[in-house]
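> First the structure, then my questions, so here it is.
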Amino acid sequence: MENQTQDYFTRHAEHYEKTPGENSISTLDLACGTGKLLELAQEELSLKPGQLYGIDLTPAMINEAKNKPKLNGAQLVVGNVENLPYQDSMFDAITTTFSFHHFASDKALAEIKRVLKPGGVLAIADLCPPSWMSAKLFDQLMIKAVKCNVGNYRGQDELSKFLVQNGFQPIYQNRAKGFVKSAVLLTLVKIPA
Numbered sequence: 001m002e003n004q005t006q007d008y009f010t011r012h013a014e015h016y017e018k019t020p021g022e023n024s025i026s027t028l029d030l031a032c033g034t035g036k037l038l039e040l041a042q043e044e045l046s047l048k049p050g051q052l053y054g055i056d057l058t059p060a061m062i063n064e065a066k067n068k069p070k071l072n073g074a075q076l077v078v079g080n081v082e083n084l085p086y087q088d089s090m091f092d093a094i095t096t097t098f099s100f101h102h103f104a105s106d107k108a109l110a111e112i113k114r115v116l117k118p119g120g121v122l123a124i125a126d127l128c129p130p131s132w133m134s135a136k137l138f139d140q141l142m143i144k145a146v147k148c149n150v151g152n153y154r155g156q157d158e159l160s161k162f163l164v165q166n167g168f169q170p171i172y173q174n175r176a177k178g179f180v181k182s183a184v185l186l187t188l189v190k191i192p193a
């Protein structure tokens, strides 16, 4: 029995830590900014830096993320969501916080689908007009608040429909509680296994 155990681990030693199992989730954060969500993922999920990937359009944001000691070893790159520099079916999970409205296009979703593993999950936390406000009015308020055109906000139903039309299956959707916070919507979808 001892020899069988030793033989097994001898054959698998080189790839042992890469074997799927608990906490072996490869995660990509889109529009990762300064890497705050990646830091939280590393702490809360006990992920190793080699399992963490981040991409952002802005070099200054990536530089800030690279300067965080907790993200030493994370793969952080400057790039565009519509042209992701990753292999097909590479990630178990993809996250994006308060940025989906910047790149929510059919092309971006095709790229996200391409790099997600079958059954992989896309988690979106973004601003979304409350049900009592039109998307157009919400856009106008956001433009005034941040002094620039900040993207294309979709209503909750419109976002769900957009994701389904692009081949994602709904898992969960919920708004934050409170009058102001109700503009924050968490959406989880997956690609079919």
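Just so it is clear: in the sequence shown, position 41 is 41 by UniProt numbering, and no numbers are missing.
Heads up, the beta-carbon is just placed ideally off N, CA and C, and yes, glycines get one too.
Run through the DSSP bridge pairs and tell me what K190 is partnered with.
In the sequence shown, the residue the question calls residue 190 occupies position 190. DSSP output for K190 lists V121, Q169 as bridge partner(s).
> I'd like the ranges of any beta strand (DSSP E) spanning at least 3 consecutive residues and lying wholly in the region 43-123.
Listed in chain order, they are 52-56, 75-78, 91-97.
> On a CA-only basis, which of L109, I112, F98 is nearest L185? Give me that one, please.
Start at 1 with the first residue of the sequence shown, and residue 185 comes out as number 185. It is F98.
> Give me the Cα-Cα distance between K36 and Q165, rounded to the nearest whole angstrom.
Taking the first residue of the sequence shown as 1, we reach residue 36 at position 36. Taking the first residue of the sequence shown as 1, we reach residue 165 at position 165. If you take the alpha carbons of K36 and Q165, they lie about 31 Å apart.
> From what residue to what residue does the beta strand (DSSP E) around residue 195 run?
An answer regarding residue 195 cannot be provided, because it is not within the stretch 1 to 193 covered by the chain.
> By alpha-carbon positions, which one of N63, N83, K107, A93 ends up nearest to A123?
Here residue 123 refers to the residue found at position 123 of the sequence shown. Checking every option, the nearest Cα to that of A123 belongs to A93.
> Can you give me the Cβ contacts of G79 inside the same chain, cut-off strictly under 8 Å, excluding the 5 residues immediately before and after it?
Sequence index remark: in the sequence shown, residue 79 carries index 79 (1-based). The answer, listed in chain order, is I55, D56, L57, P85.
> Thinking just about the alpha-carbon of each residue, which of T96, I112, K107 is nearest to the one in C32?
By one-based count along the sequence shown, residue 32 stands at place 32. Answer by Cα proximity: T96.
> How would you call E111, buried or exposed, if buried means at least 16 neighbouring beta carbons within 10 angstroms?
Here residue 111 refers to the residue found at position 111 when the sequence shown is read from its first residue. With 16 or more Cβ atoms within 10 Å of its Cβ, E111 is classed as buried.
> Helix, strand or coil: how does DSSP classify A176 here?
As a first step, residue 176 is located in the sequence shown; it is residue number 176 there, counting from the start. In the structure shown, A176 sits in coil (DSSP, three-state: anything other than H, G, I, E or B).
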